[in-house]
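Colleague:
In the working numbering, the protein residues as written are 987 to 1514.
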């Protein structure tokens, strides 16, 4: 249906992992009286094939939507073939005052894994496979039961979700073949009540809710020289409240808080029986003000605290369970919106403790670790400008300074050093030109500035990851019920990589090369 991108911490409403922002995906649901079907097919470079289909049938009080898709591609690299399948059924019953929904789906993926390329191989054979026999697979199912009631101006919604996943990975390591199989199932219950009312004649909206979820995990690792079998659980319980109050005609206050309790336990059955457990009680809060300066212009500021709890997957192969990642967040900025121009400018700061990241130096295969205290601060600019009825442009700029506030790695004091894998600058610009009523040309360019290689906390590696710029172009045309499109990604065939890691000796680096130029054409038809 739509994708909402909410900048800044959303930890009060959405819980752990929402420090930098929240991407909220709202799926399309059957609408009263709707009868439609959609077929989509596409093909492109590297043997890419994509097929999708959706059927929707709905009456006044009941409706059902069935969708399925399959994607298959050889991808850019050798030994990188992927096949993905998804299917979902979404049924809804009720009206505007009360409804019930049930959503059931399944997915599976088979993926070949080519491994990294050395600095030399990026020049001589960037598309080759370092691990020609490695592969992984994943399958899962999900079910969501939802219900909602509207009484007066108040809304109550409750969702019960179940998910299961089985993943398998075959890898070559030091001449041996390793086999890792993981099964995870998750239950989650999320009630939420929204109550709008007035305070002293001023509008106010109160949201209260809770989240309860439970993870059960079974992981078996067979490595020949080392075998491991572990069972793990994680239980999270949370309550939250958020209030939006219009203090004056021009000033709005938003305040909220979340209390959470997380209990984690891992039981190793192999190679030797052992159990480790840990409980945490992270808290999040937010306090924000928005002041309207003039029509279409507003000044905003926000402070808060957010967190991330390590999942059962994050804690696998850990000697001790990870601490929660926490962040003290601050932001101030200005919004401007007219008939043709929208502009947002903000400066921000995030002071993190126990930032969770993956390190290839820990354990046999690398492991997640808590970093020493870090900080991210910078400037964001976001603008959209409608030049004419047929032409619009946009630009997004982020300037970020990410550094360690303290810590020692490899005997080196890293205080003030750059945090790896954080670009200093990112810039995205683009535009859309409606050539006529049926044809649209879109152009999107993205520039990523320098960043330190992973595993270079000491900042001693003599070079940084190279900057790169990519350009994508899409031409779309509508005729009858058809939507036709042709897309060229990485038009200039830039040879780049977005992830690189310094080797253990500090003499060179490895990287995952990104695709060069590719073409994709598609056709979509909607039956009404």
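C-beta atoms are modelled at their ideal positions from N, C-alpha and C, and glycine is treated no differently.
From a predicted model like this one, the values you see are computed outputs, not experimental measurements.
Kindly list the residues whose CB is nearer than 8 Å to the CB of residue 1245, restricted to its own chain and excluding five residues on each side of it in sequence; keep chain order.
Modeller: Excluding positions up to five away in sequence, the list reads 1224, 1225, 1226, 1267, 1269.
Colleague: Expressed to the nearest angstrom, what Euclidean distance is found between the alpha-carbon atoms of residue 1272 and residue 1105?
Modeller: For residue 1272 and residue 1105, the distance between alpha carbons rounds to 45 Å.
Colleague: Between which residues of its own chain and residue 1508 is the CB-CB distance below 6 Å, once the five residues before and five after are set aside?
Modeller: Result list for residue 1508: 1028, 1471, in chain order.
Colleague: From residue 1122 to residue 1260, what distance separates their C-alpha atoms?
Modeller: C-alpha separation (whole angstroms): 28 Å.
Colleague: Reducing DSSP to helix, strand and coil, say where residue 1295 ends up.
Modeller: If DSSP states are grouped into helix, strand and coil, residue 1295 belongs with coil.
Colleague: Would you call residue 1212 buried or exposed, if buried means 16 or more other Cβ atoms sit within 10 Å of its Cβ?
Modeller: Exposed is the call here.
Colleague: Below 8 Å on the Cβ atoms is my guess for residue 1379 versus residue 1389; work out the distance and round it to an integer in Å.
Modeller: In fact, because the Cβ distance is near 34 Å, the residues do not count as touching under 8 Å.
Colleague: Taking 8 Å as the threshold, find out whether the stretch 1381–1398 comes into contact with the stretch 1407–1416 through three or more Cβ pairs.
Modeller: As far as the Cβ criterion goes, the stretch 1381–1398 touches the stretch 1407–1416, which means the pair count is three or higher.
Colleague: Could you check what DSSP says for residue 1252 in three-state terms: helix, strand or coil?
Modeller: Three-state DSSP puts residue 1252 in a strand.
Colleague: Give every residue of the same chain whose Cβ lies closer than 6 Å to the Cβ of residue 1462, excluding the five residues on either side of it in the sequence, and list them in chain order.
Modeller: Closer than 6 Å at the Cβ level, and outside the excluded window around residue 1462, lie 1426, 1471.
Colleague: Are residue 1118 and residue 1072 close, meaning C-beta to C-beta below 8 Å?
Modeller: It is not a contact, given that the beta carbons lie outside the stated cut-off.
Colleague: Ignore the nearest five residues each way along the sequence and tell me which others in residue 1166's own chain have a CB closer than 6 Å to its CB.
Modeller: If we look at residue 1166 and ignore the five residues flanking it on each side, its Cβ neighbours are 1155, 1207.
Colleague: Shorter than 7 Å, the distance from the beta carbon of residue 987 to the closest heavy atom of the ligand FAD, or not?
Modeller: For the structure depicted, the ligand FAD is absent and the ligand set is empty, with no information on it obtainable.
Colleague: Roughly how many angstroms lie between the CA atoms of residue 1501 and residue 1465, to the nearest whole one?
Modeller: Cα to Cα, residue 1501 sits roughly 32 Å from residue 1465.
Colleague: For the structure I just gave you, are there three or more beta carbon pairs, one from the stretch 989–1009 and one from the stretch 1475–1483, closer than 8 Å?
Modeller: Taking 8 Å as the limit for Cβ pairs, the verdict is that the stretch 1475–1483 does not touch the stretch 989–1009.
Colleague: Can you tell which of 1038, 1055, 1019, 1056 has the C-alpha that lies nearest to the C-alpha of residue 1045?
Modeller: Residue 1045 has its Cα closest to that of 1019, out of 1038, 1055, 1019, 1056.
Colleague: Note down, in chain order, each residue of its chain lying with its Cβ closer than 6 Å to the Cβ of residue 1474, except the 5 sequence neighbours on either side.
Modeller: Contacts found: 1459, 1505.
Colleague: Would you kindly work out how many angstroms separate the C-alpha atoms of residue 1357 and residue 1216, rounded to a whole number?
Modeller: Distance between the alpha carbons of residue 1357 and residue 1216: 25 Å.
Colleague: Starting from residue 1361, trace the beta strand (DSSP E) in both directions and tell me its first and last residue.
Modeller: Note, residue 1361: beta strand (DSSP E), 1360–1372.
Colleague: Evaluate residue 1201 with the Cβ neighbour count: other Cβ atoms within 10 Å of its Cβ, from every protein chain shown; 16 or more gives buried, anything less gives exposed.
Modeller: The residue is buried, with at least 16 neighbouring Cβ atoms inside 10 Å.
Colleague: Please list the terminal residues of the continuous beta strand (DSSP E) segment that includes residue 1000.
Modeller: Here residue 1000 belongs to no beta strand (DSSP E); instead the alpha helix (DSSP H) covers 997–1000.
Colleague: Take the Cβ of residue 1051 as the centre, count every other Cβ of all protein chains shown within 10 Å, and call the residue buried at 16 or more, exposed below.
Modeller: The residue is buried, with at least 16 neighbouring Cβ atoms inside 10 Å.
Colleague: When the distance is taken between beta carbons, is residue 1157 closer than 8 Å to residue 1124?
Modeller: Not a contact, by the Cβ cut-off of 8 Å.
Colleague: Where does the unbroken beta strand (DSSP E) through residue 989 begin, and where does it stop?
Modeller: 988–993 is the extent of the beta strand (DSSP E) around residue 989.
Colleague: Once the 5 residues before and after residue 1450 are set aside, which same chain residues still bring their CB inside 8 Å of it?
Modeller: Closer than 8 Å at Cβ, skipping near neighbours: 1436, 1437, 1438, 1439.
Colleague: How far does the beta strand (DSSP E) with residue 1357 in it reach, from first residue to last?
Modeller: Where residue 1357 is concerned, there is no enclosing beta strand (DSSP E), given that its DSSP letter is neither H nor E.
Colleague: Roughly how many angstroms lie between the CA atoms of residue 1127 and residue 1058, to the nearest whole one?
Modeller: When rounded, the distance between both Cα atoms is 20 Å.
Colleague: By Cβ distance below 6 Å, which residues in the same chain neighbour residue 1256 in space, the five residues on each side in sequence not counted?
Modeller: 1213, 1214, 1215.
Colleague: Less than 8 Å between the beta carbons of residue 1291 and residue 1312, yes or no?
Modeller: A contact, by the Cβ cut-off of 8 Å.
Colleague: Check for me: the alpha helix (DSSP H) holding residue 1109 runs from which residue to which?
Modeller: 1107–1110 is the extent of the alpha helix (DSSP H) around residue 1109.
Colleague: What are the start and end residues of each continuous beta strand (DSSP E) run of 3 or more residues lying completely inside the stretch 1376–1429, in chain order?
Modeller: The stretch 1376–1429 contains these whole beta strand (DSSP E) runs: 1377–1390, 1411–1420.
Colleague: Quick one: is residue 994 buried, meaning 16 or more other Cβ sit within 10 Å of its Cβ, or exposed?
Modeller: When all chains shown are included, residue 994 counts as buried.
Colleague: Thinking C-beta only, is residue 1101 closer than 8 Å to residue 1107?
Modeller: Not closer than 8 Å, so no.
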